[in-house]
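To start, the structure under review is shown below, and the notes come after it.
Residue numbers (this note's numbering), protein chains in the order written: chain A, 1 to 223; chain B, 1001 to 1638.
Dropping the structure here:
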């Protein structure tokens, strides 16, 4: 019994080692880079084994969600080549057979599906919890029914057109009013029987400035 | 030695001092008048202070030795700007006509000068208002968060950003693709862009509503359009100074490099900037001052407006460079953190091991231990000086550099709105002068029947300008605008200004002009004015003109184009103009310049063939000046 346990204990790391070799990682694994300080600044937490456990659990959750296979467990996620950067490689083994590795494509699809959930578990973003090789799905652009600029344009044009119409109408009214005045004064002068254009000018000038003397004489002499 | 070209018949063409006094008292509602002095000053300040103060002067200042540029600028402001301004104010106030009328009164052979300045005002107004249309487009697009130029749009399958945008930058993409939808060369017209057409309609309608009754309406509009830019500049100054890195920009702007003073290009650029900044030779200033009372102190006005213009240029330069300093610092920080992340990733070092402070030492030590890895990373060189001197001018400053800086500020839509409304007001107040410089001479030339109301005149001018300005709404519109900017507003203005000075000093007569000014403001102009009007200012303008002529004629004419397919993308590609462009250039620069002698020759031929009618015409012209003033008095009574 003890011999079996010792054998298993010594064999376990030996079994794990080939998994973390370069060829296996390249074919089946993904590199993860985590930048907690960049994302959270002062509120950054320490990366330790418990956080690693959470990571493995979230990846297992992602696999469960994608494959709808509820047998995936934390032990199926293998992590290797950890560095101080906080970057590591991870592989996913099939729950039925620990020797069999889940193909890259499936892992990628699973991560993509649950990317948001994985990010929020760590309070990170697509850029700070980086899966090297898995492109983030970009948020759809905000689409408006009416582009906002057209609305502002409409408002401005409305104000301007209202201004133009007001000004043109006021000029028009002034003209018709002064035409009416002109007709009235013409009738009045026909009745009074006064002289010509210059005379009318004198009249209106005199009305404006009675104390001026005879400015009309000066003008007549010039002409 | 006072050189005086004989000028027969001058006395009959111009009102005498006694007649001016009469007109002053009688003329209550004859020619349009300013409601108060403030309106006149604000209108002139608005006309002079324009987009060039914001986006040309700071660039010149920084590229020609920073603080040292102040020396040629201020010197030429005093020797060239102020005298020319005083001359235009005085002659307009004395002869009480728009530009065509003024030159016709001085000598009928000089009508060409007036027509030329009208033509230049028209052409410059066309493209200037298109810039205002672009500003309005950006203003309309500022009412959303996030701003449309802050991020690249996503491509169809949502895997990445649009390629053109990813390779350049979101601001470049928004400007060249979303706004202009620019083609790759000027020959590719590409059709009219509907969003630009409606913005252009909006710009011309706003201008029309402000100019619809001449100075009656513009006088009210300038209370806002001339004062708002200063308010916004102050807000931006306060905002800018609180941003990180702004002092880097200001220090960079004003660091003097006295060696630049030995470079003749510095002096020429300073002279050209002073000249164009004062909006001289457009005819608008003459027209505005002709509405003044006869005894208005035009000397004081000229000095005041020059000081305000110079101060505004320097103030705007401080504000712009504080924001540019902030942008350069942000870019530098981004560049550095990108390099740091690359190093951390490559060497698997924990975060925080490399910071901005120890970056250089760490890089050196890593380079000594493993240079191949460093090579493979191809780290970018982050150079603050290079980023700061990426100082652009013109539309590049406003629509690319500054908009990028705004996206990095908190509450960006607010700053974007403020910035574009400032540019809008600056441009609009300059356009008032431009429209005035076209409408009033056309009235003087009796192109329109006298019975037509002012509204119709301004409407027709705006409509005609809009129709031709549709060229600028094509896909190749920006290249056309750059063409107009280089040729329509540069050489002809220098020729007109030179002719103005010669006409006033030597054809009208400097003696008569001095007496006029003594009559108007109470004292004779002193030795400074005499020297500058007669010798110094014409000489400076002549030198600048010759330099421009030589440099334009000798070099191969090129323009820069946005071509996503080019090798150096996102750098702009230098292209040669096609052959037929030279015809357009001739129309833009040559026609206004040639009109001056051609009209003189035409008048001479017409006079010599109709010599018998001359004496009759003389007596009629005596009568006609006075009756025309009286008739306006009568018609306004109605």
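Virtual Cβ for every residue (Gly too), placed ideally from N, Cα, C.
Just so it is clear, the structure is predicted and the values come from calculations on it, not from any experiment.
CA-to-CA distance, residue j to residue i, given in whole angstroms
i, j, result
"residue 1185 of chain B", "residue 1433 of chain B", "33 Å"
"residue 1538 of chain B", "residue 1501 of chain B", "7 Å"
"residue 79 of chain A", "residue 88 of chain A", "7 Å"
"residue 1544 of chain B", "residue 1267 of chain B", "9 Å"
"residue 1260 of chain B", "residue 1072 of chain B", "10 Å"
"residue 1584 of chain B", "residue 1491 of chain B", "14 Å"
"residue 1452 of chain B", "residue 1458 of chain B", "11 Å"
"residue 1026 of chain B", "residue 172 of chain A", "27 Å"
"residue 1384 of chain B", "residue 110 of chain A", "44 Å"
"residue 1599 of chain B", "residue 1485 of chain B", "25 Å"
"residue 1252 of chain B", "residue 1360 of chain B", "23 Å"
"residue 71 of chain A", "residue 1340 of chain B", "42 Å"
"residue 118 of chain A", "residue 68 of chain A", "17 Å"
"residue 166 of chain A", "residue 136 of chain A", "56 Å"
"residue 1499 of chain B", "residue 1382 of chain B", "51 Å"
"residue 1283 of chain B", "residue 187 of chain A", "44 Å"
"residue 1054 of chain B", "residue 1023 of chain B", "41 Å"
"residue 1269 of chain B", "residue 1389 of chain B", "18 Å"
"residue 1246 of chain B", "residue 29 of chain A", "47 Å"
"residue 1094 of chain B", "residue 1309 of chain B", "24 Å"
"residue 1542 of chain B", "residue 1586 of chain B", "20 Å"
"residue 1606 of chain B", "residue 1140 of chain B", "54 Å"
"residue 1640 of chain B", "residue 1551 of chain B", "Chain B is shown only over 1001 to 1638; residue 1640 of chain B falls outside these bounds and no answer can be derived."
"residue 1014 of chain B", "residue 1126 of chain B", "33 Å"
"residue 1336 of chain B", "residue 1441 of chain B", "59 Å"
"residue 1262 of chain B", "residue 1062 of chain B", "16 Å"
"residue 1472 of chain B", "residue 1180 of chain B", "9 Å"
"residue 1278 of chain B", "residue 126 of chain A", "54 Å"
"residue 1463 of chain B", "residue 1167 of chain B", "40 Å"
Counted within 10 angstroms of its Cβ, other Cβ atoms place residue i as buried (16 or more) or exposed
i, result
"residue 170 of chain A", "exposed"
"residue 144 of chain A", "exposed"
"residue 1571 of chain B", "exposed"
"residue 1437 of chain B", "buried"
"residue 154 of chain A", "exposed"
"residue 1103 of chain B", "buried"
"residue 1149 of chain B", "buried"
"residue 1229 of chain B", "buried"
"residue 1133 of chain B", "buried"
"residue 1604 of chain B", "exposed"
"residue 1196 of chain B", "buried"
Strand pairing of residue i, partner residues [DSSP]
i, result
"residue 1573 of chain B", "B:1561"
"residue 89 of chain A", "A:31, A:80"
"residue 1192 of chain B", "B:1474"
"residue 101 of chain A", "A:93"
"residue 1154 of chain B", "B:1161"
8 Å CB neighbourhood of residue i in its chain, flanking five on each side removed
i, result
"residue 1162 of chain B", "1152, 1153, 1154, 1155, 1173"
Proximal residues to residue i (C-beta, below 6 Å), its chain only, five neighbours per side dropped
i, result
"residue 1566 of chain B", "1573"
"residue 1051 of chain B", "1426, 1427"
"residue 1461 of chain B", "1438, 1439"
"residue 1624 of chain B", "Reliability of the predicted coordinates at residue 1624 of chain B is poor, the pLDDT of 46 falling under 50, and no value is obtained from them."
"residue 201 of chain A", "Unreliable placement is indicated for residue 201 of chain A, whose pLDDT of 47 sits below 50; the coordinate value is still reported in the next sentence. The answer is none, since no qualifying residue turns up."
"residue 1517 of chain B", "1090, 1525"
"residue 33 of chain A", "87, 130"
"residue 993 of chain B", "Outside the displayed span of chain B (1001 to 1638) sits residue 993 of chain B, for which this structure offers no information."
"residue 1226 of chain B", "1042, 1045, 1046, 1429"
"residue 1470 of chain B", "none"
Cut-off 7 Å between Cβ atoms - residues of its own chain near residue i, not counting five sequence neighbours on either side
i, result
"residue 1306 of chain B", "1077, 1081, 1082, 1085"
"residue 1482 of chain B", "1559"
"residue 1003 of chain B", "1506"
"residue 1444 of chain B", "1097, 1098, 1100, 1101"
"residue 1287 of chain B", "1092, 1098, 1099, 1436, 1437, 1440"
Within chain D, the residues that residue i reaches when beta carbons sit closer than 9 Å
i, result
"residue 118 of chain A", "The chain labelled as chain D is not found among the protein chains of the depicted structure, namely A and B."
* Asked: Which runs of the beta strand (DSSP E) spanning at least 3 residues fall entirely within the region 1509-1563 of chain B, listed in chain order?
  -> 1558-1561
* Complete alpha helix (DSSP H) runs within the region 105-193 of chain A (minimum length 4 residues, chain order) -> As far as the region 105-193 of chain A is concerned, its whole alpha helix (DSSP H) runs of at least 4 residues are 115-121, 148-192.
* Whole alpha helix (DSSP H) elements within the region 1300-1371 of chain B, 4-residue minimum -> Runs of the alpha helix (DSSP H) inside the region 1300-1371 of chain B: 1359-1369.
* Can you list, in chain order, the stretches of the beta strand (DSSP E) that have 3 or more residues and sit fully within the region 1238-1296 of chain B? -> Counting whole runs of 3 or more residues, the region 1238-1296 of chain B contains no beta strand (DSSP E) stretch at all.
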